[in-house]
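Everything below concerns the one structure shown next.
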Amino acid sequence: MPSSTRRRSTWCGSRARTPAPSSPRPPPGSSGRWTRPSPTSRRRGCSRRRTCSATEAPISGHWFRDSVSRAREPGLPLGVPRPGPRMNPFTVTMTAVGLAALALAGDAFGQASTRPGVGAVPYSGTTSGVTFRTWAPNASGVNVAGSFNGWNTTTHPLVAEGGGWWSRDINGVTAGAQYKYVVRNGTQTLWKNDPRARRLVNSLGNSIVYSPTAYQWQTGPFAIAPWNEVVLYEMHPGTFNVLPGNQPPGTFAHAAQRLDHVRDLGINAIALMPVNEFPGNLSWGYNPSYPYSVESAYGGPDALKAFIDAAHARGIAVLGDVVYNHWGPNDMDMWVFDGWSIPGRGGIFFYSDTRANTPWGDTRPDYGRGEVRSYIRDNAMMWLDEFRMDGLRFDATKFIR
64 MPSSTRRRST WCGSRARTPA PSSPRPPPGS SGRWTRPSPT SRRRGCSRRR
114 TCSATEAPIS GHWFRDSVSR AREPGLPLGV PRPGPRMNPF TVTMTAVGLA
164 ALALAGDAFG QASTRPGVGA VPYSGTTSGV TFRTWAPNAS GVNVAGSFNG
214 WNTTTHPLVA EGGGWWSRDI NGVTAGAQYK YVVRNGTQTL WKNDPRARRL
264 VNSLGNSIVY SPTAYQWQTG PFAIAPWNEV VLYEMHPGTF NVLPGNQPPG
314 TFAHAAQRLD HVRDLGINAI ALMPVNEFPG NLSWGYNPSY PYSVESAYGG
364 PDALKAFIDA AHARGIAVLG DVVYNHWGPN DMDMWVFDGW SIPGRGGIFF
414 YSDTRANTPW GDTRPDYGRG EVRSYIRDNA MMWLDEFRMD GLRFDATKFI
464 R
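Our numbering applies: residue 64 is where the sequence shown begins, and numbers increase by one.
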């Protein structure tokens with residue numbers, strides 16, 4: 064979509080918190096305005112105000128519209144899809160697929176993982192390793208190739224769990240390892256980035272294993288000001304504090320250098336424009352290629368956490384901007400992810416009829432699929448829980464249908 068286009072949105076947020084086709088192969092080795100809101104003001108166009116309407120109320124310490132729910136399944140870990148129609152609750156039958164010529168010790172048999180999580184999830188505890196899990200219901204086989212096995216396409220097959228899910232534990236893999244999925248469907252062999260990749264080299268590069276617990280937070284629980292006391296500044300990280308003599312994009316570290324100035328202006332909340340991985344290095348962010356990955360040109364996930372940490376230390380809340388009305392349309396490996404699609408459509412993550420049509424391309428997510436709904440829900444929860452964001456702006460909600 065053109066980066067100059069802005070759309071109407073909905074906010075929800077936390078008041079307080081306890082702590083597109085892919086490339087054929089991977090690279091070898093490889094000043095804005097601020098305003099004080101009033102209880103009667105309404106959000107119009109690109110206004111930088113967040114208000115509550117008659118249909119909103121602070122419920123259990125959170126802001127919500129009456130059509131938005133943030134309920135969590137009791138005991139369900141972040142990243143695990145909610146059981147339901149067309150869903151796999153990850154009750155796994157351990158099935159040996161025979162001896163494999165594996166490069167890593169301690170992984171002599173291939174079997175589905177019993178560990179929770181989707182994407183590339185490092186083991187908890189002292190044992191090093193990663194659980195790889197992905198959804199590819201039409202694939203005849205899925206392998207993971209990466210820097211840990213010389214990009215070998217056969218030594219580490221994932222095992223079918225049922226319901227279109229594939230998984231495997233691979234011992235010895237650590238954060239920082241690069242990888243891609245090798246998805247087979249009939250005669251097709253597709254190199255695909257992980258739709259839930261938490262970090263990428265860039266929008267055309269490889270997925271990178273990321274540890275979500277590695278960053279050491281310097282601040283504790285943070286409480287955003289009451290909604291009618293919030294003074295909100297919308298920030299584009301790529302251009303907010305570009306240093307003299309440099310060209311955009313700026314980074315989260317650059318933006319953090321001016322947080323004292325932001326605080327001294329009387330601003331107590333920052334709304335970041337979308338920080339998901341997008342094509343190229345400079346964009347408003349409303350063309351997300353990888354919703355789970357923080358834009359590499361801004362510094363990646365730990366740099367975002369450090370920015371939020373620094374803002375909280377100054378009494379400034381940080382809210383995010385999420386795009387769930389469409390994805391892409393460029394540099395997007397979710398497109399025809401497992402090799403199946405109706406001609407001209409995007410396959411399993413997208414509607415396969417006219418419901419796919421949006422003003423920004425035919426890439427509306429298929430909200431009718433439980434797996435896609437979980438993909439969106441888990442993404443929203445990631446920003447609130449792991450990144451400690453204090454709220455979310457939902458972009459162009461009238462197109463989420």
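For glycine and all other residues, C-beta sits at the position ideal for the given N, C-alpha and C.
Asked, Found
"The stretch 274-287 in contact with the stretch 297-306 per 3-pair CB rule at 8 Å", "no"
"Contact check, Trp228 vs Arg259, beta carbons under 8 Å", "no"
"At least three beta-carbon pairs within less than 8 Å, the stretch 323-334 to the stretch 385-403", "no"
"Between the CA atoms of Glu292 and Lys255 - distance to the nearest angstrom", "46 Å"
"Anticipated Cβ contact below 8 Å, Val6 with Leu455, distance rounded", "Because the chain in this structure spans residues 64 to 464, residue 6 falls outside the shown range and cannot be described."
"Classification of Pro428 by the beta-carbon crowding that lies within 10 angstroms, buried from 16 upward", "buried"
"Beta carbon of Trp403 nearer than 8 Å to that of Asn248", "yes"
"The stretch 412-432 in contact with the stretch 364-380 per 3-pair CB rule at 8 Å", "no"
"Same chain only: Cβ atoms within 6 Å of Ala373, ignoring 5 sequence neighbours per side", "Ala319 and Leu322"
"Proximity below 8 Å, CB of Tyr475 to CB of Asn442", "Any property of residue 475 remains undetermined from this structure, which presents the chain solely from 64 to 464."
"Option nearest Ala240 by Cα separation, candidates Gly209, Asn215, Leu253 and Pro200", "Gly209"
"Beta-ladder partner(s) of Pro17, from DSSP", "The chain is shown only over 64 to 464; residue 17 falls outside these bounds and no answer can be derived."
"According to DSSP, residues forming a beta bridge with Lys255", "Tyr244"
"Between the CA atoms of Ala459 and Asn201 - distance to the nearest angstrom", "31 Å"
"Arg262 CB to nearest heavy atom of the ligand ATP below 7 Å", "Ligands are entirely absent from the displayed structure, and the ligand ATP is therefore not among its contents."
"Given Asn350 as reference, the closest of Ile405, Glu340 and Ser359 once Cα atoms are compared", "Glu340"
"Candidates Pro342, Arg231 and Gln174, of which the one nearest Gly182 by Cα", "Arg231"
"Under 8 Å between C-beta atoms of Tyr361 and Phe315", "yes"
"Pro312 vs Leu335 beta-carbon contact at 8 Å", "no"
"Met444 in three-state terms, based on DSSP", "helix"
"Residues near Val222 by beta carbon distance below 7 Å, same chain, minus five either side", "Thr158, Val160, Gly173, Gln174, Ala175, Trp229, Ser230 and Arg231"
"Separation of Asn393 from Gly343, as counted between CA atoms", "10 Å"
"Where Trp280 falls: helix, strand or coil (DSSP)", "coil"
"Helix, strand or coil at Ala183 according to DSSP, with G and I counted as helix", "strand"
"Outcome for Arg464 when other beta-carbon atoms lying within 10 angstroms are tallied against a minimum of 16", "exposed"
"Whole-Å CB distance - Ile45 paired with Arg451, under 8 Å assumed", "The shown model of the chain, from 64 to 464, leaves out residue 45, and the question about it has no answer."
"Proximity to Pro185 [Cα-Cα], best of Ile233, Thr216 and Met444", "Ile233"
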